[in-house]
Structures are given as C-alpha cells and as structure tokens.
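S.K.:
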Amino acid sequence: MTRVLVVEDEPQLVRALELNLRARRYEVDAAPDGVTALRLAADDSPDVVLLDLGLPDIDGLEVIRRLRGWSRVPIIVVSARQTSEEKIEALDAGADDYLTKPYGMDELVARLRAAARRAERAAPVDDIRLIVTEDFTVDLPAKRVVRQGTDIRLTPTEWQLLEVLVRNRGRLVGQEELLQEVWGESASEQTNYLRVYMARLRRKLERDPARPRHLITFPGMGYRFDV
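Anchor point for the sequence shown: position 122 equals 122 in UniProt numbering, and the numbering is continuous, going up by one each time.
(1) G34 bridges to which residues according to DSSP?
(2) Mapping DSSP to helix, strand and coil, what is G149?
(3) Buried or exposed: where does L19 fall if 16 or more other Cβ atoms within 10 Å of its Cβ makes it buried?
(4) Would you mind reading off the limits of the beta strand (DSSP E) that contains D226?
(5) Tell me the rounded alpha-carbon separation between Q180 and A116.
(6) Grouping DSSP H, G and I as helix and E and B as strand, with all else coil, what is E176?
(7) Using the Cβ count rule (16 or more neighbours within 10 Å means buried), how would you classify D139?
(8) Tell me whether I216 sits in a helix, a strand or coil according to DSSP, three-state version.
(9) CA-CA distance, residue 232 and V146?
(10) Using 10 angstroms around the beta-carbon of P124, count the other beta-carbons present and answer buried if the total reaches 16, otherwise exposed.
(11) Take the Cβ of M198 as the centre, count every other Cβ of all protein chains shown within 10 Å, and call the residue buried at 16 or more, exposed below.
(12) In the DSSP assignment, what residue or residues form a beta bridge with V166?
(13) Could you tell me the distance, in whole angstroms, from the CA atom of V28 to the CA atom of A110?
Pasting the structure below:
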C-alpha cells in the first residue's frame, strides 16, 4: 500500500482526506504543522507527501527545502495560493507537483498515482554515477555539478531536469516525457517550463550557451544530453 503523509492544519479537510484515501487503499499519516511533518517524514518514510503551504509554524516552502536536504520523496503541494509566481517558487524549492484548492478527489488520486510511478522510475541506476564532459562533471549520487573546480548551484527543479537528461544521455527525450518526469502529468503541455529551465542550465553549464555542446534542443520534439 502507498503511504501518504498529509500536511494540513484544517482538521475537517484532514478528516475528509483520510476517509477518501483509506477507502482507496492508501495508508495515511497526518501532520498539522511543519515540525510534525518533518518528524513523520523521517520516522515513517512516506511514499508521497501532500503539503499545504499555509502552516501555523513553518511555511510550506521551508518544509519543502528541509525535506529536499535529505529526501527525494515526491511532494505534491495542495494550496489555495494560485499565482504563477507562487507555483514556480514551490516547484523551484523542490515540489514535484502543484494542485490548487478546491480540487476533485479523482484528480488528487490520479496525481498521487503519477507521483508514485515517477518515484519508482527514478530509482538510482548503479551503472550511471559520474558523467564527465570537457566543461563540467555531474556526480549523480552526490547531486553535485562541478565546473572548472567550482560547485555549480542548481535549484531542485534544475537538478531534476539535468538528472533525467544525464540518465538518458545520447537519447532524445521528448518534451512530454521530460515535463511528466520533472513537473508531473498536469504539466504535459507546459513546454514554456522546458524553455525557461533549459536556458538556465545552459547559462550555468555550457561554455557558450548560445551554441550548446551538451544540452541539445530538437525543436518541437525534445532535448538530448551529449557528453
């Protein structure tokens, strides 16, 4: 059974989620604040975290950042905050998906299933650990990129995108596949996400971002990582 950690301070909503998810054969733990959420995440190893951003102690964004310091558990933000800037901030902090309140239970469950599938597919591959190019080195286990002897700081979203491409090096990865792997199925048509984040990666990693050697675009199709 998939274990879901619900981080929400509204008791009625927590109760409704517990009833609906357990009826669908999910195991559910609940945390009313950020500190409890971090403790339960460490103690119980949930498969997916459902996280409200408006918590009474720690802001949900800080919960995401702290979780990402030691865990790759899928995080689905469930929030009434609706602006694009707030969504991008949550995704940059390390969230995998963003669902705006109010929402339908069927959509929520579909996103839970998708997050759990992506987590399974993203299991570490033992034979791909260190990728060395002429310009930079990618250390997958350490989640580290070094260029000219200097650590390059990537946001969690930038790292996820780079990791998918590196693990599929030499293969064209389609736009839809990349969007689903990094942002979830709800973002399958948001190709602007890819343009923005690929431009960021090129500025940080490529010797000449205007003429990339490693992060290659195939217009209308997808992207490929070349060593």
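Don't be surprised by glycine CBs; every beta carbon is placed ideally from N, CA and C.
M.R.: Straight from the coordinates:
(1) BP columns for G34 are empty, so no partner.
(2) coil
(3) exposed
(4) Counting along the chain, D226 falls outside any beta strand (DSSP E), and DSSP gives it neither H nor E.
(5) 12 Å
(6) helix
(7) exposed
(8) strand
(9) Only positions 1 to 227 of the chain appear in the structure, and residue 232 is not among them; the question remains open.
(10) Low per-residue confidence applies at P124: pLDDT is 47, beneath 50, and the placement is therefore not dependable, though the value from the model is reported in the following sentence. So P124 counts as exposed.
(11) buried
(12) The partner list for V166 (beta bridge, DSSP) is empty, contrary to what the question assumes.
(13) 16 Å
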